[in-house]
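Here the working numbering is used: the first residue of the sequence shown is 1, the next is one more, and so on.
One structure is given below, encoded as structure tokens.
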Amino acid sequence: MQQTPASERLHIAFFGRCNSGKSSLINALTGQDVVVVSDIKGTTTDSVSKPIELPGLGACVLIDTPGYDDATLLGARRVAQTVKAADKADIAVMLFAGECGEDDRRWLAELQAREIPVVPVVSQADRYDDLLPLLTDVEHITKLKPIAVSATTGVGLSALYEALKAHSVREERTILQGLVDSGDTVMLVMPQDSSAPKGRLIQPQVQTIRELLDRNCTVVSCTTEGMPAALEAMAAPPQLIITDSQVFDAVYKLKPEASRLTSFSVLFARYKGDINTFVEGAKRLKTLGAGSRVLIAEACSHIPQNEDIGRVKLPAMLRRKISADLVIDIVGGNDFPQDLTPYDLVIHCGACMFNSRHVINRIARARLQDVPITNYGITIAALTGILDRIEY
Ligand SMILES: Nc1nc2c(ncn2[C@@H]2O[C@H](COP(=O)(O)OP(=O)(O)O)[C@@H](O)[C@H]2O)c(=O)[nH]1
Ligand SMILES: [Mg+2]
């Protein structure tokens, strides 16, 4: 069965101290034994992501986290896992059990600083003779009405469901918003070099094709070499050409005057991130020189390959166009440094594997630290001098 990719799912993360009942609540909500529960502190050692369809919420990922008060030897590493879960969370369910402690307040402030909607829950509600003091405390610190929930008796589960539904309404963004009209012909130029996965197309290409079909567009696909023949076979030039950023320059030269041009990474920068920040960040490229530090952040955690754009092609291009003595660090997957200040510029990939919230959080981190951030497609467009000639 074809699954909704994780990047398109609503990410709901559960935070709370050890033994507050996070894992039990996830099991109760899903009606499944998704994660391990026990009264031994530190049972959940890693954040665990469970993709699941929930009625009324659709395709979700539930993220169980280790307690943020984990004081064991591995505790610091576990808390780092919890921070990474917060990087992805569209909604944070925060569990309070027994009392509101210093840890709870600190963590709440952390979530609020990231502007993640918080749903406060008083957990293990069946254990209290009188819930009121804790409910009052939680309401006082969160400024929100907490929901009393018991994983054991099921009390409050439907109220929690409703609260999650209320927070799940997201701003509808589409990939091609404002760029195509129904009935347009759109050409996709997609080189399939050795870094392309065997036997399939990559996620952004598949999603773009799907959306074009939904929009009643005609889709013509070709490689860069096949582009002249494809154009020849068409009665009129396509309204829009979408290409891989790495062949931008070649495609720009081949494109008919009447066709507008953009790239998959520019489209995904609009869709997932903040295109204006990225265009602004790309201006920093002009002032980089020998000794400047650049961080290239790759969302994919695949094993680096020969023609890999982030690890090979982009660094080579930066060194060629800017300076051979540029200092370039490359990170992949979830390894995005907390401290970005050593860098003059951050260049992020198109993030087809990340949800939008994850990219927005990284942009926010860069902005807070006053470090310009841009992405692969915008960088390549800027370096090849065509940024002002493409659509975004
Ligand atoms: N009575 C009662 N016990 C619970 C409830 N939820 C969890 N527990 C118990 O509390 C302990 C810790 O639960 P767990 O889900 O592992 O907590 P976590 O560390 O936050 O993931 C376990 O022994 C659970 O059986 C609840 O709603 N009511
Ligand atoms: Mg747990």
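Where is the CB? At the ideal position from N, CA and C, for every residue including glycine.
Helix, strand or coil at residue i [DSSP, three-state]
i: ASP244; result: coil
i: PHE268; result: helix
i: ILE390; result: coil
i: PHE278; result: helix
i: THR174; result: coil
i: ILE63; result: strand
i: LEU261; result: strand
i: ALA13; result: strand
i: ARG236; result: Before going further, note that residue 236 is Ala rather than Arg in the sequence given. Note: ALA236 maps to coil in three-state DSSP.
i: ASN27; result: helix
i: LEU164; result: helix
i: GLU115; result: coil
i: PRO5; result: coil
i: LYS255; result: coil
i: ALA80; result: helix
i: LYS283; result: helix
i: SER182; result: coil
i: THR208; result: helix
i: ASN361; result: helix
i: ASP69; result: coil
i: THR142; result: helix
i: LEU132; result: helix
i: SER356; result: helix
i: LYS198; result: coil
i: ASP103; result: helix
i: GLU110; result: helix
Presumed contact (8 Å Cβ cut-off) between residue i and residue j, rounded CB distance
i: ASP344; j: ARG284; result: 7 Å
i: GLY310; j: TYR376; result: 7 Å
i: LEU132; j: VAL149; result: With 8 Å as the limit, LEU132 and VAL149 do not qualify as a contact, their Cβ atoms being about 15 Å apart.
i: GLN124; j: GLY21; result: 5 Å
i: ALA151; j: LEU25; result: 5 Å
i: SER263; j: ASP244; result: 7 Å
i: GLN184; j: LEU111; result: The sequence given here has Asp at residue 184, not Gln. That belief does not hold up - the Cβ atoms of ASP184 and LEU111 are roughly 42 Å apart, past 8 Å.
i: GLY281; j: PRO372; result: 4 Å
i: PRO237; j: ALA250; result: That pair is no contact at about 17 Å.
i: PHE248; j: THR384; result: 6 Å
i: THR116; j: ALA86; result: Rather than Thr, the amino acid found at residue 116 in this sequence is Ile. 7 Å between Cβ atoms; contact.
i: ILE52; j: THR82; result: With 8 Å as the limit, ILE52 and THR82 do not qualify as a contact, their Cβ atoms being about 20 Å apart.
i: ALA163; j: ILE147; result: 6 Å
i: TYR271; j: ARG173; result: 6 Å
i: VAL266; j: TYR128; result: About 54 Å separates the two Cβ atoms, so there is no contact after all.
i: ASN276; j: LYS88; result: Actually they do not touch by this definition, with Cβ atoms about 23 Å apart.
For residue i: DSSP bridge partner residues
i: GLU120; result: Residue identity differs from the one stated: residue 120 is Pro in this sequence, not Glu. BP columns for PRO120 point to MET94.
i: HIS348; result: ALA297, ASN375
i: ASP137; result: Paired residue(s): none; ASP137 is not in a bridge.
i: LYS50; result: LEU62
i: MET187; result: VAL220, ILE241
i: ILE328; result: VAL294
i: ILE147; result: VAL121
Residues near residue i in its chain [Cβ-Cβ closer than 8 Å; skip 5 each side]
i: PRO228; result: LEU254
i: ALA154; result: Per the sequence presented here, residue 154 reads as Gly, with Ala not at that position. Closer than 8 Å at the Cβ level, and outside the excluded window around GLY154, lie ALA28.
i: SER158; result: none
i: VAL294; result: LEU288, LEU318, LEU326, VAL327, ILE328, ASP329, TYR343, ASP344, LEU345, VAL346, ILE347
i: THR142; result: MET94, LEU108, VAL118, PRO120
i: GLN246; result: PRO191, ILE309, LYS313, ILE380
i: THR223; result: VAL189, MET190, PRO191, GLN192
i: VAL180; result: VAL186, LEU212, ARG215, CYS217, GLN239, LEU240
Own chain residues within Cβ distance below 7 Å of residue i, not counting five before or after
i: GLY291; result: ASP325, VAL327
i: ASP69; result: ARG17, CYS18, ASP103
i: PRO5; result: GLN203
i: MET1; result: Residue confidence is low: MET1 scores 44 on pLDDT, short of 50, so the model does not pin down where it sits. Its coordinate-derived value is still stated next. Answer for MET1: no residue qualifies.
i: PHE268; result: PRO204, GLY350, ALA351, CYS352
i: ASP64; result: PHE14, LYS22, SER23, ILE26, VAL35, THR44, SER47, VAL48
i: ASP137; result: CYS100
i: LYS321; result: LEU383
i: LEU135; result: VAL122, PRO146, ALA148
i: PRO256; result: LEU231, PRO237
7 Å Cβ cutoff, residue i in contact with chain C
i: THR4; result: Chain labels in this structure do not include chain C; a single protein chain is all it has.
Beta-carbon proximity list for residue i, same chain, < 6 Å, skipping 5 on both sides
i: THR374; result: PHE278, GLY281, ALA282, ILE347
i: ASP90; result: LEU10, HIS11, ARG357
i: GLY199; result: none
i: LEU231; result: none
i: SER323; result: GLY289, ALA290
i: PRO315; result: ILE328
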